[in-house]
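In the numbering used here, the protein residues as written are 435 to 607. Backbone N, C-alpha and C define an ideal beta-carbon position, used for all residues, glycine too.
What follows is the structure, given as structure tokens:
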């Protein structure tokens, strides 16, 4: 369940994906810290400065990953080799950000307070063409964790029981 909490790399990816300005991203980080603190990873819940600086680091890293990776050995050498590169260099940005991004968009970024999409589209985000019990279980866990409600034509629905081509509405409750 810990992978569902917002981390600095997650927030940096979301900021990068939404192409937010520096001011807008700063406002977003502050709003998340003040209003969505329960969804932050433990290390950030009581330390706004750490959250802000880490998100800024990862945002810069995403902007120029190749240069940062090239310069890291020199930085590590200057620090006496005590820096652990796993904390500063990351090649795995294929993170599961869909629901994190959805929640943040609905609460802070978008003007609309809902998002609509077909279940088939949602499955394709995860690389599936059909539903499996494991995927539905995971999907329900994410919806429950992020307090996201699904509805079909204005009525609350269960994603396990609707058709693949039905248009689902997502809202934060």
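With respect to the 7 Å criterion, residue 461 and residue 531 are not classified as neighbours on the basis of their beta carbons.
The residues 442, in chain order, have a CB closer than 7 Å to that of residue 488 in the same chain once the five nearest residues on each side in sequence are set aside. Here the alpha carbon of residue 569 sits roughly 29 Å from the alpha carbon of residue 478. The distance from the Cβ of residue 549 to that of residue 604 is about 5 Å, consistent with a contact at the 8 Å cut-off. Residue 451 and residue 537 have their alpha carbons spaced roughly 14 Å apart. For the pair residue 507 and residue 469, the Cα-to-Cα distance works out to about 38 Å.
Membership of residue 448 in the alpha helix (DSSP H) is indicated by the continuous run 442–451. At least 7 Å separates the beta-carbon of residue 599 from that of residue 565. When the Cα atoms are used, residue 576 and residue 438 turn out to be separated by approximately 8 Å. One thing to note: residue 485 has its Cβ within 7 Å of the Cβ of residue 467. Around residue 586, the same chain offers 596, 600, 601, 602 and 603 as residues with beta carbons nearer than 8 Å, after the five sequence neighbours per side are excluded. Between residue 542 and residue 471 a beta carbon distance of about 14 Å is seen, past the 8 Å cut, so the two are scored as non-contacting. In the displayed model, residue 596 falls within coil according to three-state DSSP, outside both helix and strand. In the DSSP secondary-structure assignment, residue 603 is bridged to 550 and 585.
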